[in-house]
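Here's the structure we're looking at; comments come further down.
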Amino acid sequence: MEFTPLDVSVNLINDRLQFTGIAKEHPVIAIDYTPPLGDGQGYTSLELLLLSLASCAGSSIAVLLRRTKKTITALTVAAHGVRHIQHPTGFQQITLDFQLHSPDVKAEDLKHALHVSEEKLCPVWAMLKGNVEITATYRVYPEPEKT
């Protein structure tokens with residue numbers, strides 16, 4: 014099995030817990046912790062994890078549906094995480110809510126794409142699965158007819 018390296022870096026930029034993060038030549042992002050330890054001036058690490066999961070799952074679903082010649086006019090993936098109360102306060106449960114607008118995608122198409130994303134395509138989902146309960150909900154909205 015071949016491995017593809019992926020590198021990122023973060024730099025502490027103040028006397029609290031604010032970092033800047035970068036990958037490749039992409040724009041720098043602000044990462045911070047909530048007060049009183051941080052200033053709340055950036056994404057928290059767990060917010061970034063939720064964003065990674067939502068974008069990974071959304072990307073794989075878009076690829077799968079487009080491969081079958083389906084039209085996607087809008088796709089929103091909202092992620093909601095429930096944290097453990099005691100340390101480490103990682104996620105106990107995550108809900109992903111997929112809202113897809115399409116004139117030709119049926120609920121069964123999206124359900125199938127979600128299954129394939131979870132089981133085979135989304136590496137973030139694969140890494141979290143077994144450690145965090147992940148639930149997916151979805152809705153498909155047909156485009157209004159043109160008159």
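Residues are numbered in our numbering as their position in the sequence shown, beginning at 1, plus a constant of 13. Don't be surprised by glycine CBs; every beta carbon is placed ideally from N, CA and C. Only a predicted model underlies this, so the values are computations on that prediction, with no experimental measurement involved.
| query | result |
| --- | --- |
| Tyrosine 46 to serine 115 span [Cα, whole Å] | 38 Å |
| Cβ-based burial, valine 90 [other Cβ within 10 Å; buried from 16] | buried |
| Neighbourhood of threonine 86 by C-beta distance below 7 Å, restricted to the same chain and skipping five residues each side | His114, Ser115, Glu156 |
| Beta-carbon spacing of alanine 92, isoleucine 107 below 8 Å | yes |
| Beta-carbon proximity check, valine 21 vs alanine 36, cutoff 8 Å | yes |
| Classification of valine 118 by the beta-carbon crowding that lies within 10 angstroms, buried from 16 upward | buried |
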